[in-house]
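Just so you know, the sequences run in chain order H, W, P, E and A. When we follow this note's numbering, the leftmost residue of the first sequence carries the number 3, and every step to the right adds one. When we follow this note's numbering, the leftmost residue of the second sequence carries the number 18, and every step to the right adds one. When we follow this note's numbering, the leftmost residue of the third sequence carries the number 5, and every step to the right adds one. When we follow this note's numbering, the leftmost residue of the fourth sequence carries the number 5, and every step to the right adds one. When we follow this note's numbering, the leftmost residue of the fifth sequence carries the number 28, and every step to the right adds one. Beta carbons: idealized from backbone N, C-alpha and C, even for Gly. Since the structure comes first, as structure tokens, the remarks are kept for the end.
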Amino acid sequence: MPVTENWKPTIVAFCCNWCSYAGADLAGSSRLAYPADVKIIKVPCSCRVNPMFILRAFEKGADGVILCGCHPGDCHYSTGNYYARRRMTLLFSMLDYLGVEEGRTRVEWVSAAEGVKFSETMNSFVEKVRALGPNVRLGDLRCKN
Amino acid sequence: MRRIGVFVCHCGSNIAATVDVKKVVEMALQEQGVVHAEDYPYMCSEAGQVRIAEAIREHQLTGMVVCSCSPRMHEATFRKCAERNGLNPYLVEIANIREHCSWIHKDMAEATEKAVILMRAAVAKVHLNAPLQAGESAVTKRALVIGGGIAGIQTALDIADAGYKVDIVEKEPSIGGRMSQLDKTFPTLDCSACILTPKMVEAASHENITIHTWSEVEKVSGFVGNFTVDIRKKARYVDMDKCTGCGVCQEKCPSKKSLNEFNRGLNTRSAIYTPFAQAIPNVPVIDATACIKLKTGKCGICEKFCQVGAINYAQTDEIITEQYGAIVVATGFDTIKLDKYGEYAYGHSKDVITSLELERIMNAAGPTKGHLERLSDGKAPKEIVFIQCVGSRCSDDRGKPYCSKICCMYTAKHAMLIRDKYPDTNVTVFYIDVRTPGKNFDEFYRRAVEDYGVNYIKGQVGKVAPQPDGSLLVHGVDLLENKQILKKADMVVLATAIEPNADVRKIATMLTASIDTNNFLTEAHPKLRPVESPTAGVFLSGVCQGPKDIPETVAQAGAAAVKVIGLLAKDKLKTNPCTAKADELRCNGCSQCANVCPYGAISYETRLVNDHGIREDRRIAVVNSALCQGCGACTVTCPSGAMDLQGFSNRQLIAEVDAICR
Amino acid sequence: MNKVEEIKTISGVNPLKCMKCGKCSASCPSFNEMDIKPHQFVTYVINDDVEALANSKSAWKCLSCFACIERCPRDVKPGKVIDAARQILIRQRGQEGLSADEIPALLDEETPQQLLMSAFRKYRR
Amino acid sequence: MKYSYFPGCTLRNKAKDLDDYARACAEKLGFTLEELTDWQCCGGVYPLGADEIASKLPSVRALNGAKEKQQDLVAVCSACYHVLKRVNDDMANVADIQTRANNYMALSEPYKGEAKVLHYLEVLRDKVGFDNLKKQVVNPLTGRKIGAYYGCLLLRPGSVMNFDDPENPTIMEDFIRALGAEPVVYPYRNECCGGYISIKEKEHSAALCRRITDSAAGFQADCLVTACPLCKYNLENNSELPIVYFTELLAEALGIKEVR
Amino acid sequence: MQELIVRAKELLEKGEVARVLGWKKGEQEYDAEPAFFETAESLDNFVYNGFCGANLSKYMIEAGKKEGKTLVFLKPCDSYSYNQLLREHRVDREKAYIIGVGCKGKLAISKIPFDGILKVSGAQYPDAQEILTVETLYGTETIPYKDAMLERCHVCKGKDHVVYDELLGESADTVDADRFAEVERIEKMSPEEKFAYFQSELSKCIRCNACRNVCPACSCRKCVFDSTAFDSEQKANTTSFEEKMFHIIRAFHVAGRCTDCGECSRVCPQGIPLHLFNRKFIKDINALYGEYQAGSDLECPAPLTSFTTTDAEPGVGRG
């Protein structure tokens with residue numbers, strides 16, 4: 003696909019309120035830069051993220067979707083991220099199965115203290131999505147001829 | 018259609034230097050439903066809030082978006098401002114254009130573009146926000162303190178003095194913690210036991226304090242104001258009510274080979290023991306792994322000698338369940354294991370010891386009865402070398418990246434005490450930096466140098482080589498002289514890094530309190546909320562939050578107590594109205610949501626439903642909003658979308674997604 | 005690439021991680037043979053003073069025993085910096101630490117090949 | 005059990021003992037060392053520079069040879085072991101070295117650190133087992149007090165070598181104990197003998213060696229055991245204490261020393 | 028078949044059940060379709076043969092709302108679906124009388140490769156033949172029974188019923204293929220090939236909703252694709268979100284609940300192998316969280332509403 007040099011990916015990052023959103027805040031107050039392509043949506047817990055939101059984002063033009071939550075075992079609601087982990091494991095496996103490039107989805111556990119990890123995660127994720135170029139597959143899974 | 022106002026904060030130059038705030042205002046006015054938009058240097062200021070109030074009135078706003086710092090900073094401020102001015106606080110959304118935008122991006126065009134998108138997402142969400150009313154929940158007026166060291170004792174005393182009941186859970190047989198192991202304390206050199214024991218006694222005799230020693234927290238459920246905690250009271254095999262603490266059992270016990278934990282394993286103790294003379298309660302425990310009777314069924318000597326019949330080999334662990342409104346973590350610290358520091362010959366030579374072991378050696382109740390002697394041959398050491406920063410300030414995998422904070426001061430203390438009591442013993446300290454911020458701290462260190470002649474050498478030690486004659490050859494460096502130093506010593510003391518108690522991870526998990534990469538508990542805000550955990554109702558006291566000395570620990574313990582008292586003083590707490598809710602017309606009654614609810618907040622009832630004219634009895638999910646904490650796990654298990662989360666509804670989140678991807 | 009950058013690249017070391025504790029120098033078996041000491045190597049790189057490093061005899065004194073690398077609490081690996089300085093020297097013509105002519109006189113009956121090999125690697129390109 | 009074997013240049017002549025005993029003892033203990041057909045000298049020292057490739061290629065060739073035979077690669081000489089293991093670590097973990105080395109090598113399948121490098125002592129400890137070895141000893145070295153001399157190369161850097169605790173190793177002591185002798189622990193067993201410096205600066209090396217042997221003698225060792233020909237050369241030139249290869253000691257205990 | 032009718036009449040006449048849920052003849056024998064029978068006489072139209080592939084369990088949701096008990100005939104695989112519905116409180120066990128019927132594999136008319144089919148004989152239960160005789164406009168043809176069987180019968184879960192009140196009729200083992208072979212084949216493709224494959228399959232979809240309507244797991248009172256729960260605008264638009272993601276979301280919604288009954292693929296008028304989505308999830312669940320068969324058990328935790336602390340991380344298995 004033709005990718006212009008100035009092409010910027012659209013990245014949606016779902017962050018749980020208790021760990022990862024706070025980790026993103028810490029990245030901010032520590033001035034740890036990551037690309038402006040990343041837009042964060044706050045959710046109470048990673049388990050609030052419905053696979054439909056992720057598919058929706060892709061369908062509406064997102065090039066990458068990342069979900070960040072508390073580390074397993076550290077969920078504010080005790081168990082939320084464990085459910086999220088299973089859901090996302092299956093969803094990502096399905097997306098791989100459909101031939102959607104694997105670099106477009108990711109789950110990362112980022113604690114409130116991990117500003118550095120948040121920034122590093124976003125940098126590496128964006129880099130990967132940029133390398134893949136614009137997402138057309140999920141937006142175009144059902145081409146009507 | 019909502020009438021939405023957008024308020025863009027400059028945050029001085031924090032936002033405005035990187036984000037073109039005027040442009041954000043201009044773009045906001047083009048959004049559907051936005052009837053007013055303005056920017057202001059400090060929206061959170063009094064004057065900023067007045068402007069918001071005026072805009073709400075003038076434009077009859079039914080929703081508002083503040084583009085500012087993180088909602089974790091000022092969401093509450095702006096929601097209160099809205100509420101005061103007649104707008105439901107849950108019709109306010111924050112677009113985080115500082116932490117998530119201006120502070121991490123350098124290019125103004127790029128940052129402005131992102132700020133506009135974040136604003137749009139917030140506007141899109143507000144369109145779908147519903148006015149919500151916070152509920153209320155009762156507060157259990159009792160606090161739990163986990164850990165009975167100086168931090169836990171002080172917190173408990175302060176809470177108890179304010180008139181609230183408080184329980185201390187301590188896993189060891191006695192309260193007292195690390196401080197009870199110390200000999201003297203810096204910078205005053207007063208005796209640790211002399212200042213600690215009265216507090217222990219006060220805690221034990223306080224009418225509002227219940228102490229559970231030899232006990233551990235097993236399970237925690239509930240939430241702020243309403244925690245339910247299971248406490249395992251480990252079998253003591255001694256009846257607390259009957260025992261008089263006479264100590265005969267310990268003298269008579271034939272199993273005396275167990276390492277004495279209180280003396281850091283430097284000597285041994287009996288199988289039935291109290292850790293130290295001033296133990297509270299002064300009731301021994303039987304170490305089941307060492308007791309001959311419990312292991313083989315034969316012996317029973319302690320039972321025979323106990324005149325009051327307090328020994329009970331049949332005791333078992335007991336689980337008690339208690340209710341608390343607040344929980345304080347005061348689990349303290351331990352020194353790190355030194356098995357990865359073979360170059361210092363710890364474990365290889367008995368005369369290489371940690372500072373905490375030296376505390377026990379210097380203490381009159383310690384393994385050498387307070388005489389400074391080598392553990393290898395009992396001789397008095399004439400040359401002692403202290404090595405600083407053993408395992409602290411390390412970025413490798415052997416040690417800890419942080420400064421343990423207390424070592425510089427206790428080393429100065431040890432050096433001074435030794436020089437004072439044994440003037441013919443030379444003391445050398447190898448240091449990297451001497452860190453003495455604190456009242457009278459640097460003066461204290463200087464006294465060690467100037468008045469006591471302690472030899473401080475700037476430079477680290479590379480190796481400690483035990484010699485055939487029993488001495489230790491210390492290979493160090495003097496960086497100021499630029500010389501390698503070979504120093505023969507009789508004893509080497511390692512200022513070993515401290516780390517949070519190993520149990521803290523387990524406890525943090527039970528409390529869902531967050532923990533950092535070094536296993537220190539995270540505070541809600543590093544500057545402004547240093548004694549609160551981000552988990553409501555959980556507070557932090559002492560070294561579990563970060564390295565600190567005794568005065569700091571006591572100060573923090575008091576601060577944590579004040580926070581607890583402030584919580585317990587309330588009769589009711591406002592509850593989060595962002596709870597789950599089932600739509601009876603869509604609900605299948607399939608029970609999947611209840612399976613994932615961590616709070617047991619979902620039940621089912623059969624209800625007559627009128628579904629577009631069809632009237633039938635249906636099994637419908639019902640959420641108990643007092644129990645629901647709003648995680649949203651249920652919403653995703655619900656295939657029909659009947660279960661939704663107020664404040665973070667499916668449609669709201671999809672609107673945000675759409676706005677970002679637009 | 006300037007020499008400082010070259011040293012950083014060859015060694016893969018970030019000298020800014022050093023906290024100046026001196027454990028490398030305390031551990032170094034060649035400390036007394038060196039004019040610039042192991043902990044100073046790191047500082048010289050920070051200060052862009054590669055000239056002094058190049059003129060120092062220390063690069064030829066390091067035994068590559070890795071004691072400093074093993075014990076460094078900051079993961080700075082001073083030994084790698086010293087080796088990089090040596091590399092820069094031997095990559096320049098005429099800067100070898102050992103010439104081929106010298107060798108026969110240095111050998112004895114028992115000299116193992118290993119010694120010859122390692123000396124060649126260390127002293128020459 | 006069969007292993008690929010990398011004898012190294014010194015074991016071909018000056019350290020023939022080290023080699024011969026190693027092979028003979030292997031057979032006795034039930035494993036076989038199959039010498040790689042086209043091995044080249046490891047170079048004696050590991051090239052530390054991140055940009056050095058050519059000097060690593062002989063090791064890569066040997067490693068790939070073992071990989072193709074699906075065998076672990078065994079070395080006896082400390083230096084060979086050190087170089088092979090570190091190059092292998094680079095090939096597994098350093099993308100740049102992996103790519104560039106493979107570009108030179110042009111193998112049918114790129115080498116990515118798949119082979120496992122073992123020291124002969126590790127085979128004894130982890131595959132044969134010291135308990136098992138003890139049972140096969142026919143001439144227990146009872147009454148002998150032996151100091152293990154590890155030197156640098158077996159142990160450091162610990163994060164890559166993973167051979168034993170780099171500051172407090174025990175493998176040679178356990179080995180000595182298995183042979184019926186009494187190990188002597190002395191603090192300089194992991195300090196440097198001077199290594200290659202002895203070619204030019206004999207006094208410097210001598211001082212280091214004397215510190216080592218004096219310490220061992222002080223703790224009553226009557227001989228030192230080593231795995232490195234260069235260590236042996238340096239120590240022998242500067243000490244009254246006998247210095248022996250560990251394989252020779254092993255052969256003696258297994259009763260095959262005279263077989264040669 | 029006769030014994031089923033006899034037993035059904037008996038239960039109806041005794042008043043033990045108010046109605047019978049079974050299959051009735053269509054115009055052709057191979058047109059059998061689900062039907063309720065309220066009277067003994069109407070049972071004359073009852074049929075049970077190789078073409079009775081339809082899974083009746085989903086009809087029990089509506090049957091449960093009616094007065095009195097319903098007699099339902101469930102094949103072994105249908106009983107899993109019923110059990111899953113029972114677990115989800117969608118059917119009332121008290122209002123069902125379940126006769127587990129034997130199964131020797133069910134046929135797909137689409138698998139009989141002859142034009143102008145008039146009549147198929149040899150598919151009559153209980154004595155189904157190994158060879159089917161097919162009368163067509165152009166003459167008589169034969170085809171082995173196995174060759175005309177539904178895909179799902181080749182990978183049958185087994186011929187044991189997991190829920191029933193009584194059993195009637197005999198079964199025969201029909202397994203001769205690996206259930207996950209096709210999924211594995213796709214997994215091994217390059218991303219480009221996978222995408223091309225699914226794009227070509229899914230592009231055939233006409234959104235007739237037959238798959239959803241037949242699926243026993245798709246029994247929501249109000250399907251998200253018909254509601255405003257997730258999106259308010261853009262209904263019935265071929266480029267809308269639901270259009271593109273319908274099959275993925277549907278598969279996710281039934282993940283951990285789908286018994287792999289294969290009805291979706293059986294009814295798809297476009298012949299899209301829809302079961303390959305469900306089976307991918309089943310395969311992953313089995314591999315990652317332990318073997319799990321939806322509907323086999325009422326109690327054991329379901330894979331998506333349970334967890335272990337050591338579960339695989341998302342993206343496991345990715346290069």
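Taking the alpha carbon of residue i as the point to measure from, which residue in the options has its own alpha carbon closest?
i, options, result
"Leu67 (chain E)", "E:Pro51, E:Ala30, E:Ala54, E:Asn106", "E:Asn106"
"Asp414 (chain W)", "P:Asp105, P:Lys84, P:Arg128, P:Glu74", "P:Glu74"
"Ile139 (chain A)", "A:Gly77, A:His302, A:Val241", "A:Gly77"
"Gln150 (chain W)", "W:Cys678, W:Ala672, W:Ser642, W:Gly658", "W:Ser642"
"Leu135 (chain W)", "H:Val14, H:Asn8, H:Ala24, H:Trp9", "H:Val14"
"Gly80 (chain A)", "A:Phe222, A:Lys93, A:Tyr57", "A:Tyr57"
"Glu498 (chain W)", "P:Gly83, P:Ser34, P:Glu10, P:Gly26", "P:Gly26"
"Lys438 (chain W)", "W:Gln405, W:Leu389, W:Met426, W:Ala676", "W:Leu389"
"Glu130 (chain W)", "H:Asp39, H:Ile43, H:Arg139", "H:Asp39"
"Ile404 (chain W)", "W:Gly383, W:Lys475, W:Pro440, W:Glu278", "W:Lys475"
"Phe252 (chain A)", "A:Ser227, A:His280, A:Gln226", "A:His280"
"Leu88 (chain E)", "E:Asp100, E:Glu118, E:Ala99", "E:Glu118"
Closest Cβ-Cβ distance between residue i and chain B: below 8 Å?
i, result
"Arg87 (chain H)", "Reference to chain B is not applicable here, since the protein chains of this structure are H, W, P, E and A."
Starting from residue i, trace the beta strand (DSSP E) in both directions and tell me its first and last residue.
i, result
"Lys53 (chain W)", "The question names Lys, yet the displayed sequence has His at residue 53 (chain W). Start and end: 51-57."
"Asp351 (chain W)", "350-352"
"Ser82 (chain E)", "Not the beta strand (DSSP E): Ser82 (chain E) falls in the alpha helix (DSSP H), residues 82-97."
"Ser620 (chain W)", "619-628"
Starting from residue i, follow the alpha helix (DSSP H) in both directions and report where the run begins and ends.
i, result
"Gly25 (chain H)", "22-31"
"His13 (chain W)", "As displayed, chain W neither begins before 18 nor continues past 679, which places residue 13 (chain W) out of reach and without an answer."
"Phe250 (chain E)", "250-258"
"Thr79 (chain W)", "Unbroken run through Thr79 (chain W): none, as it is neither H nor E."
### Query
Is there contact here, the stretch 553-566 of chain W with the stretch 265-274 of chain W, by at least three beta-carbon pairs under 8 Å?
no
### Task
Would you be able to state if there are at least three C-beta pairs under 8 Å between the stretch 153-161 of chain E and the stretch 55-71 of chain P?
yes
### Task
Evaluate the contact criterion for the stretch 501-519 of chain W versus the stretch 352-368 of chain W: three or more CB pairs, one atom per stretch, below 8 Å.
yes
### Query
Mind listing which residues of the stretch 517-530 of chain W have their C-beta closer than 8 Å to chain H's C-betas, in chain order?
Ala525, Thr526, Thr529
### Query
Are there three or more Cβ pairs, one per stretch, closer than 8 Å when the stretch 359-377 of chain W is compared with the stretch 427-435 of chain W?
yes
### Those runs of the beta strand (DSSP E) which lie wholly inside the stretch 137-213 of chain E and span at least 3 residues
149-152, 186-188
#### Entry: Stretch pair the stretch 312-325 of chain W + the stretch 202-216 of chain W: three plus CB contacts closer than 8 Å
no
### Message
Any C-beta of chain P within less than 9 Å: which residues of the stretch 40-51 of chain E qualify?
### Response
Cys45, Cys46, Gly47, Gly48, Val49, Tyr50, Pro51
### Message
Is it the case that the stretch 83-90 of chain P contacts the stretch 169-183 of chain E, given that we only count it when at least three CB pairs across the two stretches are under 8 Å?
### Response
no
### Task
Using a Cβ-Cβ cut-off of less than 8 Å, list which residues of the stretch 147-171 of chain E approach chain W; keep chain order.
Ser163, Asp169, Pro170, Glu171
### Task
Jot down the residue ranges of each uninterrupted beta strand (DSSP E) in the stretch 60-111 of chain W, minimum 3 residues, whole runs only, in chain order.
80-85
### Task
Residues of the stretch 582-606 of chain W with a CB closer than 7 Å to any CB of chain A: list them in chain order, please.
Leu602, Arg603, Asn605, Gly606
### Task
May I ask you to list, following chain order, the residues of the stretch 176-195 of chain E that have a beta carbon less than 9 Å from some beta carbon of chain W?
Val189, Tyr190, Pro191, Tyr192, Asn194, Glu195
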